[in-house]
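Top to bottom, those sequences are chains P and Z. Basically the working numbering = 1-based index in the first sequence + 2. Basically the working numbering = 1-based index in the second sequence + 2.
Protein chains: 2
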Amino acid sequence: MARARSSQPRSAVMTDVARLAGVSHQTVSRVLNDHTKVRPETRERVLEAMRQLDYQPNSAARTLVTKRSNTLGIVTFDSTLFGPASMVYGIEQAARAAGYFVSIASINALGRRTVLDAINRLREQSVEGIVAIVPKDSAAEALDAVPAGISLVGVGIGHTSGVPMVGVDNTAGAATATRHLLALGHTTVHHIAGPAGWPEARERRAGWREALAEAGAPEPEALDGDWSSRSGYEAGRRLAADRSVTAVFCANDHMALGLLRALHEAGRRVPEEVSVVGFDDIPEAPFMIPPLTTVQQDFGEVGRRSMQLLVELATGDRPHGQILLTPTLQVRDSTRDLR
Amino acid sequence: MARARSSQPRSAVMTDVARLAGVSHQTVSRVLNDHTKVRPETRERVLEAMRQLDYQPNSAARTLVTKRSNTLGIVTFDSTLFGPASMVYGIEQAARAAGYFVSIASINALGRRTVLDAINRLREQSVEGIVAIVPKDSAAEALDAVPAGISLVGVGIGHTSGVPMVGVDNTAGAATATRHLLALGHTTVHHIAGPAGWPEARERRAGWREALAEAGAPEPEALDGDWSSRSGYEAGRRLAADRSVTAVFCANDHMALGLLRALHEAGRRVPEEVSVVGFDDIPEAPFMIPPLTTVQQDFGEVGRRSMQLLVELATGDRPHGQILLTPTLQVRDSTRDLR
DNA sequence: GCCCATAGTGTTAACGCTCACATCGGGTGT
DNA sequence: ACACCCGATGTGAGCGTTAACACTATGGGC
Numbered sequence: 003m004a005r006a007r008s009s010q011p012r013s014a015v016m017t018d019v020a021r022l023a024g025v026s027h028q029t030v031s032r033v034l035n036d037h038t039k040v041r042p043e044t045r046e047r048v049l050e051a052m053r054q055l056d057y058q059p060n061s062a063a064r065t066l067v068t069k070r071s072n073t074l075g076i077v078t079f080d081s082t083l084f085g086p087a088s089m090v091y092g093i094e095q096a097a098r099a100a101g102y103f104v105s106i107a108s109i110n111a112l113g114r115r116t117v118l119d120a121i122n123r124l125r126e127q128s129v130e131g132i133v134a135i136v137p138k139d140s141a142a143e144a145l146d147a148v149p150a151g152i153s154l155v156g157v158g159i160g161h162t163s164g165v166p167m168v169g170v171d172n173t174a175g176a177a178t179a180t181r182h183l184l185a186l187g188h189t190t191v192h193h194i195a196g197p198a199g200w201p202e203a204r205e206r207r208a209g210w211r212e213a214l215a216e217a218g219a220p221e222p223e224a225l226d227g228d229w230s231s232r233s234g235y236e237a238g239r240r241l242a243a244d245r246s247v248t249a250v251f252c253a254n255d256h257m258a259l260g261l262l263r264a265l266h267e268a269g270r271r272v273p274e275e276v277s278v279v280g281f282d283d284i285p286e287a288p289f290m291i292p293p294l295t296t297v298q299q300d301f302g303e304v305g306r307r308s309m310q311l312l313v314e315l316a317t318g319d320r321p322h323g324q325i326l327l328t329p330t331l332q333v334r335d336s337t338r339d340l341r
Numbered sequence: 003m004a005r006a007r008s009s010q011p012r013s014a015v016m017t018d019v020a021r022l023a024g025v026s027h028q029t030v031s032r033v034l035n036d037h038t039k040v041r042p043e044t045r046e047r048v049l050e051a052m053r054q055l056d057y058q059p060n061s062a063a064r065t066l067v068t069k070r071s072n073t074l075g076i077v078t079f080d081s082t083l084f085g086p087a088s089m090v091y092g093i094e095q096a097a098r099a100a101g102y103f104v105s106i107a108s109i110n111a112l113g114r115r116t117v118l119d120a121i122n123r124l125r126e127q128s129v130e131g132i133v134a135i136v137p138k139d140s141a142a143e144a145l146d147a148v149p150a151g152i153s154l155v156g157v158g159i160g161h162t163s164g165v166p167m168v169g170v171d172n173t174a175g176a177a178t179a180t181r182h183l184l185a186l187g188h189t190t191v192h193h194i195a196g197p198a199g200w201p202e203a204r205e206r207r208a209g210w211r212e213a214l215a216e217a218g219a220p221e222p223e224a225l226d227g228d229w230s231s232r233s234g235y236e237a238g239r240r241l242a243a244d245r246s247v248t249a250v251f252c253a254n255d256h257m258a259l260g261l262l263r264a265l266h267e268a269g270r271r272v273p274e275e276v277s278v279v280g281f282d283d284i285p286e287a288p289f290m291i292p293p294l295t296t297v298q299q300d301f302g303e304v305g306r307r308s309m310q311l312l313v314e315l316a317t318g319d320r321p322h323g324q325i326l327l328t329p330t331l332q333v334r335d336s337t338r339d340l341r
């Protein structure tokens with residue numbers, strides 16, 4: 003994809019601006035980089051020349067000599083999902099605020115190979131740092147194989163790898179959700195879990211068990227989901243058949259949506275008969291039937307913290323940081339006091 | 003964010019590889035660019051040297067001399083929403099397949115200024131082409147102000163601007179949805195529209211009117227939404243109060259979700275008393291109560307076509323293309339034959 | 001009246017790569 | 001045996017920028 007059309011006058015470079023302004027190219031460079039030591043009147047002449055020629059600095063030349071690309075890379079898994087999409091957005095905003103461009107490499111399967119490929123693609127572009135959103139053990143492990151010397155931060159990758167990371171405290175969030183249900187008078191809480199091999203699934207399950215144990219409540223067997231509404235629906239059909247089930251904590255909102263439908267079909271009313279809590283707070287949550295109580299994560303903050311960690315990493319301040327953000331419970335209408 | 007740590011041995015460049023392999027830097031370059039005319043044995047020696055030194059070609063230097071950055075830019079509005087997120091994903095995949103890197107510039111408000119800023123940010127990175135996802139008139143108009151000479155394609159931007167674009171045939175999709183409802187025996191179809199100033203909202207409304215007119219059905223006044231579930235809910239409360247309403251076409255799935263809840267609260271059963279159709283086919287659609295009949299768009303195809311258009315644009319084949327993809331109706335359980 | 005600091009500007013040399021061209025052997029045709 | 005071609009490699013220049021340093025006025029301190 004070369005410049006449109008073939009023989010247009012090649013675009014202006016620094017020397018052209020210099021000639022037009024009657025100065026040396028170095029003075030142009032100084033104006034461009036906000037050096038002091040340029041007479042205001044000269045600066046104005048240069049700026050005018052730039053405007054006239056529609057001058058656009060050549061980023062490649064600049065990068066070549068400064069050795070700084072001002073670009074960050076993001077590796078992300080299926081950026082269509084709400085979680086990853088929100089994180090990408092948060093990171094992009096934070097990166098821009100910090101003066102970086104953002105380059106993206108998305109992968110459609112979470113494997114060691116795909117992750118490493120994506121990282122290499124980013125390295126070819128000489129990014130100055132990489133944020134990897136690869137929320138699965140097998141993929142997160144791949145991060146350990148990334149050569150040192152390139153700043154790398156994992157997001158939502160659990161403690162599987164030694165890579166610095168920022169994430170949400172899933173265990174705490176899940177425990178809060180479960181405690182909320184327990185405090186409502188339920189004797190125990192059932193759980194529809196995420197798939198094995200996903201740190202977030204494991205941590206949420208752990209938080210659920212923890213809260214159950216600390217309340218001395220019996221621990222029912224968790225049902226396995228795969229994050230999809232379908233899996234939530236299927237698990238829900240089984241749960242709906244069991245009249246002793248009065249409270250369910252779902253590892254994410256999509257599964258909660260499926261559960262809600264299964265309960266509805268089985269004629270079990272929410273929240274009168276069964277209380278439901280999700281995790282993520284997707285935009286649809288407040289409009290489910292009934293509006294879903296769920297655990298909310300601050301994705302904007304995740305983005306900002308990733309940036310911060312990346313910078314600290316580069317300056318060598320904190321070699322192996324781990325940042326954990328505490329999510330908050332959004333109580334809506336899918337949970338109600340039993341008494 | 004400089005390379006981590008300060009005094010590490012600067013990374014290997016082409017000359018280092020050449021020296022180690024006992025050839026000239028030019029031969030290394032030839033190996034790198036898959037030129038023929040390199041003896042297999044020499045090539046092997048060079049590759050081995052690269053491996054040994056962990057050589058990474060300097061993209062800035064290459065870009066400087068070839069004048070090709072191999073990078074495409076995407077301007078997108080709130081990439082958290084399902085539509086934009088899916089398009090970004092589709093475009094990224096297609097771009098990668100075509101050998102391009104992808105740089106992202108997201109904006110949080112759709113205005114002339116924000117769009118132009120984002121495009122400039124991308125220009126600074128000397129991208130070879132830009133795909134703009136700015137589905138609002140005021141933002142799309144800004145695209146006309148972009149200097150020629152840079153390949154630009156709009157996605158989902160309607161016919162507001164003269165910029166080449168690819169999009170979904172919203173009018174056709176809406177007409178299909180409305181006809182489906184009419185064919186079910188409904189005397190007319192109500193409409194919850196998207197906000198004014200959005201091409202997609204306008205086109206979907208037009209398709210709805212068109213189908214109504216062609217069937218000779220009366221045209222009820224459309225209700226105004228803003229794409230959010232909340233607005234769908236509010237419009238839904240009004241619709242639910244009117245017993246004559248038996249069929250509703252929503253301009254997107256999120257509003258349909260809100261509508262579904264409003265109908266449910268008012269005790270109006272879907273699909274027995276009221277049929278509902280949405281637009282987008284978000285992943286949650288099959289698990290709403292009841293599973294939502296909706297219009298599905300092929301975002302992967304949108305991505306591929308954008309790429310294709312960008313390439314044609316650069317080679318000058320087709321100065322002002324417009325590509326329209328036909329969406330398909332997904333019939334589920336929220337619509338049912340009246341008779 | 002001289003010196004030296006300093007503001008303002010110019011000159012030159014990289015940065016790491018690709019392109020165009022030069023070179024150097026050994027076949028091949030006549 | 002000579003010219004010629006072609007495969008395989010090397011040499012030198014140049015892409016557009018910034019960094020380092022050099023230079024020229026101007027002005028204040030003594």
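Yeah, the Cβ is synthetic: ideal placement off N, Cα and C, and Gly gets one too. Owing to the predicted nature of the structure, the values given are computational and were not obtained by experimental measurement.
Chain-ordered, the chain Z residues with CB closer than 8 Å to the CB of His266 (chain P) read Ile291. For Val104 (chain Z), the beta-bridge partners assigned by DSSP are P:Ile106, Z:Leu74. Taking the CA atoms as reference points, Val77 (chain Z) sits about 37 Å from Arg41 (chain P).
If you ignore the 5 residues before and after Ala249 (chain Z), its C-beta comes within less than 6 Å of the C-beta of Leu183, His188, Val191, Ser277, all in its own chain and listed in chain order. Leu112 (chain Z) sits buried, since 16 or more C-beta atoms from the chains shown fall within 10 Å of its C-beta. Taking the Cβ atoms as the reference, Ala23 (chain Z) lies roughly 5 Å from Arg47 (chain Z), within the contact range of under 8 Å. For the pair of segments examined, the segment 114 to 122 of chain P was found not to touch the segment 90 to 99 of chain P: the number of CB pairs separated by less than 8 Å stays below three.
Chain Z places no beta carbon closer than 7 Å to that of Ser336 (chain P), leaving this residue out of the contacts. Rounded to whole angstroms, the gap between the alpha carbons of Arg32 (chain Z) and Arg64 (chain Z) is 13 Å.
Linking Arg45 (chain Z) to Gly158 (chain P) through their CA atoms gives a straight-line distance of about 42 Å. Leu145 (chain P) and Trp200 (chain P) have their C-alpha atoms some 15 Å from each other.
Across the set P:Ala215, P:Glu236, P:Val129, the C-alpha of P:Glu236 shows the shortest separation from the C-alpha of Ala264 (chain P). Across the structure, Gln54 (chain P) and Asp228 (chain P) are spaced so that their CA atoms are roughly 58 Å apart. Along the segment 122 to 148 of chain Z, going in chain order, the ones with a CB nearer than 8 Å to a CB of chain P are Arg123, Arg125, Glu126, Gln127, Ser128, Glu130, Gly131.
When only Cα atoms are considered, Leu331 (chain Z) and Asp171 (chain Z) end up about 12 Å apart.
In this structure, the CA atom of Glu205 (chain P) is about 52 Å from the CA atom of Arg21 (chain Z). The beta-carbon distance between Leu327 (chain P) and Asp300 (chain P), rounded to whole angstroms, is 6 Å. This is short enough to meet the 8 Å contact definition.
In this structure, the straight-line span from the alpha carbon of Gly260 (chain P) to that of Pro293 (chain Z) is close to 10 Å. Using a 10 angstroms sphere on the CB of Asn110 (chain Z), the tally of other CB atoms stays under 16, which defines it as exposed.
Looking only at P:Asp139, P:Arg211, P:Thr180, P:Arg270, the smallest Cα-Cα distance to Thr162 (chain P) is reached by P:Asp139. The beta carbon of Glu143 (chain Z) sits closer than 8 Å to the beta carbons of Arg114, Thr162, Ser163 from its chain, once the five residues preceding and following it are set aside; these are given in chain order. The beta carbons of Phe79 (chain Z) and Gln127 (chain P) sit no closer together than 7 Å. Asp226 (chain Z) is bridged by DSSP to Z:Ala195. When the alpha-carbon of Ala179 (chain Z) is set against those of Z:Cys252, Z:Ala195, Z:His256, the nearest one is in Z:Cys252. Counting only residues of its own chain and dropping the five nearest sequence neighbours on each side, Glu130 (chain Z) has a CB closer than 8 Å to the CB of Arg70, Ser71, Asn72, Thr73, Leu74, Tyr102, Ser153, Ala316. In this structure Gln95 (chain P) is buried. Its beta-carbon is surrounded by 16 or more other beta-carbon atoms within 10 angstroms. Within the same chain, Pro59 come within 7 Å of Leu34 (chain P) by CB-CB distance, once the 5 residues on both sides are set aside. Partner residues in the beta bridge of Ala134 (chain P), as assigned by DSSP, are P:Val77, P:Gly156.
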